[in-house]
Amino acid sequence: MGAKKLRVALLRYTPEPQEAVAMGAKLCYSAAGIEDLKQGIEAKSQDAFLERLMEFGHLSPIEHASFTFGIEGVSRSLLAQITRHRIASFSVKSQRYVSEASMPKGGAVFGYVIPPRIEALGPGAVKEFEDQMSQIQKWYDGWVGKLGNNGESSNEDARFVLPNAAETKMLVTMNARELLHFFNLRCCNRAQWEIRALATEMLRLARKEAPVMFRDAGPGCLKGSCPEGKMSCGKINEVRIKFKDL
Ligand SMILES: Cc1cc2nc3c(=O)[nH]c(=O)nc-3n(C[C@H](O)[C@H](O)[C@H](O)COP(=O)(O)OP(=O)(O)OC[C@H]3O[C@@H](n4cnc5c(N)ncnc54)[C@H](O)[C@@H]3O)c2cc1C
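Whatever position you read off the sequence shown (first residue = 1), add 60 for this note's numbering.
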């Protein structure tokens, strides 16, 4: 346990996601039967058709493709942010069923995330942060004991002393349309560093499997002026290069 780093894996996704989307879109515009459509789509690349679809902004067909990510090494602070995205499905490690007490974990401190700006202050600052986490572990263990060491009924109240830094793990599924929206908000430099790092990695992984659908995905400034107005980070060229070369 102790300090944790972000890890993201694309665990599952709709097979041939771009073909599934092309099927949905072509069905809207064609008199052909479903089997004929399927054969036509499998017979040749759908890239040019998909490019036009994305340009039109006819986005409901991309809801047919879903992507499931396994995420660990993120904080409960990130959890509060990502779960605001309502058109997503989540499974999150429980703080009731999974004890954070040091003893079942061989005396280890619960997992936590150290913000990079605290790390950048140097080893002294990191040590101070780690000591604070160890202190919280002692408080947590103390409450588990006082609450009778009764599994979930002790854990559910002892967890109230755990910090936003406490690590969590989750499975997240989003369809491609929700992913585009999520990337638009959370890849932006105005988003908080942790969810921005996560969103950027999710985009990199999704783009590998569905390059046309996610080619222009990312913060709002990739396609036009910065939507943040006066709050803009002022780094539009840098941001565009970063997301082109992900
Ligand atoms: C930089 C940044 C700072 C933020 N700061 C704060 C903050 O200080 N406080 C705070 O509370 N939140 C904050 N948020 C969270 C933000 O307000 C949203 O809750 C979050 O980004 C989810 O976005 P969403 O609602 O567009 O997306 P989703 O829930 O992913 O929904 C996607 C889209 O579906 C549509 N939709 C979904 N549900 C409904 C509905 N019920 N009715 C109508 N349309 C719907 C909307 O078009 C929506 O954009 C912040 C977000 C960002 C990116």
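A virtual CB, placed ideally from N, CA and C, is assigned to each residue, including glycine.
Could you give the DSSP three-state label for residue i: helix, strand or coil?
| i | result |
| --- | --- |
| residue 234 | strand |
| residue 261 | helix |
| residue 290 | helix |
| residue 102 | helix |
| residue 67 | strand |
| residue 150 | strand |
| residue 256 | helix |
| residue 169 | coil |
| residue 250 | coil |
| residue 226 | strand |
| residue 301 | helix |
| residue 160 | coil |
| residue 132 | strand |
| residue 144 | coil |
| residue 72 | strand |
| residue 194 | helix |
| residue 126 | strand |
| residue 213 | helix |
Rounded to whole angstroms, what's the CA-CA distance from residue i to residue j? Just pull it up for me.
| i | j | result |
| --- | --- | --- |
| residue 189 | residue 231 | 28 Å |
| residue 63 | residue 225 | 10 Å |
| residue 303 | residue 273 | 14 Å |
| residue 185 | residue 65 | 18 Å |
| residue 134 | residue 89 | 43 Å |
| residue 123 | residue 289 | 30 Å |
| residue 155 | residue 245 | 28 Å |
| residue 193 | residue 115 | 49 Å |
| residue 293 | residue 70 | 29 Å |
| residue 141 | residue 200 | 24 Å |
| residue 121 | residue 139 | 29 Å |
| residue 243 | residue 263 | 7 Å |
| residue 17 | residue 300 | This structure leaves residue 17 out entirely; the chain is present only between 61 and 306. |
Mark residue i as exposed unless 16 or more other C-beta atoms lie within 10 angstroms of its C-beta, in which case mark it buried.
| i | result |
| --- | --- |
| residue 75 | exposed |
| residue 252 | exposed |
| residue 212 | exposed |
| residue 172 | buried |
| residue 205 | exposed |
| residue 219 | buried |
| residue 285 | exposed |
| residue 270 | buried |
| residue 228 | buried |
| residue 255 | buried |
| residue 180 | exposed |
Any beta carbon of chain B sitting closer than 8 Å to that of residue i?
| i | result |
| --- | --- |
| residue 188 | Looking at the structure shown, chain B is missing, and only one protein chain is on hand. |
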